[in-house]
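Chains as they are written, first to last, in the UniProt record's numbering: chain A, 1 to 278; chain B, 1 to 284. Every residue gets a Cβ at the ideal spot worked out from N, C-alpha and C, and that includes glycine. Note that the structure is a prediction, hence the values are computed from the model and not measured.
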């Protein structure tokens, strides 16, 4: 290998600084969440304790965060499943031209770029004028889908741009029906990407704020609850909560990445040995 | 003939279309309608009026706030693009092993999947009056007094934007760079191009689609934002999103709706222009 040019070291240093910039603040509140009972929102640390984590578990101290967490979790799972199913169907549809495909594509792009507060306001107004109750599992669920579905669709485009159609042709030549082709050929091939779509669906929903703001009704989701805390909580308890939710997000990402890895290994084992001269 | 019973495209696309109609098109139409309604202090009245728009365009605040919104978008765009391009360039062309590339790329994308609000809150212990930045600068003897403009200022707003959204630049630019045929770089070198010349004349033009997609994300996220500006400026600065959310808080829905329509039109015009330079579907 040729020696590294000077530019490599400069760029590497820049990259390290960038990663520090990216993670530094989060790590800082991670440390500060172990602040002693007397300590404040900034350094110095006045002792090390689990005081603020304990505070979180006493509900009256900080509002209904566990209820909010449960709602966000359920909503995230609802959005995740819906996003995967709807995105795959739409992804399949977009492989061919169909009436209105261009319009639908531009609607999805609009859904991605529209200022989130407009979705919140519009959905809120409709439910209000129709006299429907605003609930996180109804209005909030729909509003969040306008955020997750375009991501799911774009991932499906990326997937099908790289999809080798000869697999399907082979299946059809063997007499598979359209459904059998999708069920036994297309879906298994795209499965790892679907884990990616699911990850987007869940985490974008779990962290969503602006589109849920006016559509969650009287019960807050976790990000709304946290934002509410920023205005009236002045103790490190908010850091403790931030640290816990970040850890939870990291756990979710880890689970999904592990899912991709396991699936890859299972496939390598169960894959065909055709052409390997066994 | 569909002997196999394969579903026609529009049936497969129907769920997506339904969600878009119910939660995107209908809300926009509703906002459009309400923007022509009247409001009292407590309720909105479905009676046609142009007052909301007249007031909006006549108010100097509107122009100032729109200008501020463009300012935030432009500065954030320039910073995220320079940082994002540099990081993606390093990952794509200077990291040699593919596993290392994937690992470092994941490292850059993980924060995207964590809460934006928490990431904003994380700046408080850094930038506050007694925060790490001020303490460090004082201990180094650079300043004697804590800097007041670190937190709750335009500086902190833009810092937070860059912190939140640089990833949206890194990912598409990296994606485009990875698809550049490496033999083009060799050809440039064989033809006598220096590293900088290759970067400017070969890599940069070929990376344009990625830059455009990143630009679309960053510009729309910043222009539509209301929460970062409110939180990081300590309610001292305003952008259009905040104008809307303030009206909503005061239950002035028709006024909020009129501002929303103007903001939406602005964003769509900007995106329409950007989309002329890139075919999103082809680039994924």
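**OP:** Mind listing the chain B neighbours of residue 140 of chain A? Cutoff is C-beta to C-beta under 8 Å, in chain order.
**Re:** Translated into positions along the first chain, residue 140 of chain A becomes position 140. Neighbours of residue 140 of chain A in chain B, taken as residues whose beta carbon is under 8 Å from its own, are absent, since the nearest beta carbon is some 10 Å off.
**OP:** Please report the Cβ distance between residue 13 of chain B and residue 238 of chain B, rounded to the nearest whole angstrom; I am assuming they are in contact, meaning their Cβ atoms lie under 8 Å.
**Re:** Position 13 of the second chain holds residue 13 of chain B. Position 238 of the second chain holds residue 238 of chain B. Actually they do not touch by this definition, with Cβ atoms about 40 Å apart.
**OP:** Along the alpha helix (DSSP H) that carries residue 164 of chain A, what are the first and last residues, could you check?
**Re:** The residue labelled residue 164 of chain A in the question sits at position 164 within the first chain. Going by DSSP, residue 164 of chain A is part of no alpha helix (DSSP H) at all; its letter is neither H nor E.
**OP:** Please work out which residues of its chain come closer than 8 Å, Cβ to Cβ, to residue 236 of chain A, disregarding the five sequence neighbours upstream and downstream, and give them in chain order.
**Re:** Within the first chain, the letter at position 236 stands for residue 236 of chain A. If we look at residue 236 of chain A and ignore the five residues flanking it on each side, its Cβ neighbours are 32, 33, 35, 39, 40, 41 and 52.
**OP:** Could you confirm whether any beta carbon from chain A is found closer than 8 Å to the beta carbon of residue 173 of chain B?
**Re:** Within the second chain, residue 173 of chain B is the residue found at index 173, counting from 1. No - not a single Cβ of chain A is within 8 Å of the one on residue 173 of chain B.
**OP:** Mind listing the chain B neighbours of residue 161 of chain A? Cutoff is C-beta to C-beta under 7 Å, in chain order.
**Re:** Within the first chain, residue 161 of chain A is the residue found at index 161, counting from 1. Here the neighbours are 284.
Original post:
Starting from residue 111 of chain A and walking both ways along the alpha helix (DSSP H), at which residues does that stretch end?
Top reply: Taking the first residue of the first chain as position 1, residue 111 of chain A is located at position 111. The continuous alpha helix (DSSP H) containing residue 111 of chain A extends over residues 101-113.
Original post:
So, do the region 201-215 of chain A and the region 72-82 of chain A have three or more beta carbon pairs nearer to each other than 8 Å?
Top reply: With the cut-off at 8 Å, the region 201-215 of chain A and the region 72-82 of chain A touch.
**OP:** Out of A/146, A/191, A/75 and A/14, state which residue places its alpha-carbon closest to the alpha-carbon of residue 106 of chain A.
**Re:** Here residue 106 of chain A is taken as the residue at index 106 of the first chain, counted from 1. The candidate whose alpha carbon is nearest that of residue 106 of chain A is A/146.
**OP:** Flag this pair as yes or no: are the beta carbons of residue 129 of chain A and residue 212 of chain A separated by less than 8 Å?
**Re:** Position 129 of the first chain, counted from the first residue, corresponds to residue 129 of chain A. Position 212 of the first chain, counted from the first residue, corresponds to residue 212 of chain A. Result no, Cβ atoms of residue 129 of chain A and residue 212 of chain A do not sit closer than 8 Å.
Original post:
How would you call residue 42 of chain B, buried or exposed, if buried means at least 16 neighbouring beta carbons within 10 angstroms?
Top reply: Taking the second chain and counting its residues from 1, one reaches residue 42 of chain B at position 42. It is exposed - the Cβ of residue 42 of chain B has fewer than 16 other Cβ atoms within 10 Å.
Original post:
If we cut at 8 Å on Cβ distances, does residue 123 of chain A have a partner in chain B?
Top reply: The residue labelled residue 123 of chain A in the question sits at position 123 within the first chain. For residue 123 of chain A, the answer is yes, since a Cβ of chain B falls inside 8 Å of its Cβ.
Original post:
Would residue 137 of chain A count as contacting chain B if we go by Cβ distances under 8 Å?
Top reply: Position 137 of the first chain holds residue 137 of chain A. Cβ-Cβ to chain B under 8 Å: no for residue 137 of chain A.
Original post:
Got a sec: is the Cβ-Cβ distance from residue 209 of chain B to anything in chain A below 8 Å?
Top reply: Here residue 209 of chain B refers to the residue found at position 209 of the second chain. Closer than 8 Å: no.
Original post:
Quick one: what's got a C-beta closer than 7 Å to residue 75 of chain B's C-beta in the same chain, skipping five residues either side?
Top reply: Mapped onto the second chain, residue 75 of chain B falls at position 75. Excluding positions up to five away in sequence, the list reads 158.
Subject >> Option nearest residue 37 of chain B by Cα separation, candidates B/31, B/46 and B/117 >> reply: Translated into positions along the second chain, residue 37 of chain B becomes position 37. It is B/46 whose Cα lies nearest to the Cα of residue 37 of chain B.
**OP:** Using the Cα positions of residue 274 of chain B and residue 136 of chain B, report the straight-line distance between them to the nearest angstrom.
**Re:** On the second chain, position 274 is the one that residue 274 of chain B refers to. On the second chain, position 136 is the one that residue 136 of chain B refers to. Straight-line spacing of the CA atoms in residue 274 of chain B and residue 136 of chain B works out to 42 Å.
Subject >> Residue range of the alpha helix (DSSP H) that includes residue 100 of chain B >> reply: Taking the first residue of the second chain as position 1, residue 100 of chain B is located at position 100. Residue 100 of chain B -> alpha helix (DSSP H) spans 98-109.
Original post:
Closer than 8 Å, CB to CB, is residue 5 of chain B near chain A or not?
Top reply: Your numbering for residue 5 of chain B matches position 5 in the second chain. The predicted position of residue 5 of chain B is uncertain, since its pLDDT is 47 and thus under 50; a value taken from the coordinates is nonetheless stated next. With 8 Å as the cut-off, residue 5 of chain B counts as an interface residue toward chain A.
Subject >> Sequence-distant residues of its chain with Cβ nearer than 8 Å to residue 263 of chain A (five each side left out) >> reply: As a position in the first chain, residue 263 of chain A is number 263, starting the count at 1. Closer than 8 Å at Cβ, skipping near neighbours: 191, 192 and 195.
Original post:
Going by other Cβ atoms of all chains shown within 10 Å of its Cβ, with 16 needed for buried, is residue 266 of chain A buried or exposed?
Top reply: To locate residue 266 of chain A, count along the first chain from 1; it is residue 266. With fewer than 16 other Cβ atoms inside 10 Å of its own Cβ, residue 266 of chain A counts as exposed.
**OP:** Would you mind working out which of A/140, A/12 and A/110 sits nearest residue 89 of chain B, comparing C-alpha positions?
**Re:** For the purposes of this step, residue 89 of chain B is identified with residue 89 of the second chain, where counting begins at 1. Per the Cα distances, A/12.
**OP:** Output, in chain order, the set of chain B residues within a Cβ distance shorter than 8 Å of residue 28 of chain A.
**Re:** As a first step, residue 28 of chain A is located in the first chain; it is residue number 28 there, counting from the start. Correct list: 122, 125, 126 and 132.
**OP:** Measure the C-alpha to C-alpha separation of residue 265 of chain B and residue 87 of chain B and round it to an integer number of angstroms.
**Re:** For the purposes of this step, residue 265 of chain B is taken as the residue at position 265 of the second chain. For the purposes of this step, residue 87 of chain B is taken as the residue at position 87 of the second chain. Roughly 33 Å between the two C-alpha positions.
Original post:
So residue 56 of chain A and residue 240 of chain A are in contact, right, with Cβ under 8 Å, and what is the actual spacing, rounded?
Top reply: Taking the first residue of the first chain as position 1, residue 56 of chain A is located at position 56. Taking the first residue of the first chain as position 1, residue 240 of chain A is located at position 240. In this structure residue 56 of chain A is in contact with residue 240 of chain A, their Cβ atoms being roughly 6 Å apart against a cut-off of 8 Å.
Subject >> Own chain residues within Cβ distance below 8 Å of residue 180 of chain A, not counting five before or after >> reply: As a working mapping, residue 180 of chain A is identified with position 180 in the first chain. 171.
**OP:** Between the Cα of residue 343 of chain B and those of A/232, A/175 and A/140, spot the shortest distance and give me the residue it belongs to.
**Re:** Coverage of chain B is limited to positions 1 through 284, which leaves residue 343 of chain B absent and any answer about it impossible.
Subject >> Cα-Cα separation, residue 203 of chain B to residue 78 of chain B >> reply: For the purposes of this step, residue 203 of chain B is taken as the residue at position 203 of the second chain. For the purposes of this step, residue 78 of chain B is taken as the residue at position 78 of the second chain. If I take the Cα positions, the gap works out to 19 Å.
Original post:
Taking contact to mean at least 3 C-beta pairs separated by less than 8 Å, is the region 170-187 of chain B in contact with the region 225-240 of chain B?
Top reply: Cβ pair count under 8 Å is below three, so no.
**OP:** Enumerate in chain order the residues of its own chain whose CB-to-CB distance from residue 45 of chain A is below 7 Å, with the five nearest sequence positions on each side excluded.
**Re:** Taking the first chain and counting its residues from 1, one reaches residue 45 of chain A at position 45. The residues are 35, 36 and 39.
Subject >> Backbone secondary structure at residue 39 of chain B - three-state DSSP >> reply: To locate residue 39 of chain B, count along the second chain from 1; it is residue 39. Correct three-state label for residue 39 of chain B: strand.
Original post:
Under 8 Å, do residue 214 of chain B and residue 169 of chain B count as touching if we go by C-beta distance?
Top reply: To locate residue 214 of chain B, count along the second chain from 1; it is residue 214. To locate residue 169 of chain B, count along the second chain from 1; it is residue 169. With respect to residue 169 of chain B, residue 214 of chain B sits close: the two C-beta atoms are nearer than 8 Å.
**OP:** Identify whether residue 48 of chain A lies in helix, strand or coil by the three-state DSSP scheme.
**Re:** Mapped onto the first chain, residue 48 of chain A falls at position 48. Reduced to three states, the DSSP call for residue 48 of chain A is strand.
Original post:
Just curious, the alpha helix (DSSP H) that residue 154 of chain B is in, first and last residue?
Top reply: Taking the second chain and counting its residues from 1, one reaches residue 154 of chain B at position 154. Residue 154 of chain B -> alpha helix (DSSP H) spans 154-178.
Original post:
chain B partners of residue 96 of chain A, CB-CB under 8 Å?
Top reply: Position 96 of the first chain holds residue 96 of chain A. Taking a Cβ-Cβ threshold of 8 Å, the residues of chain B close to residue 96 of chain A are 9, in chain order.
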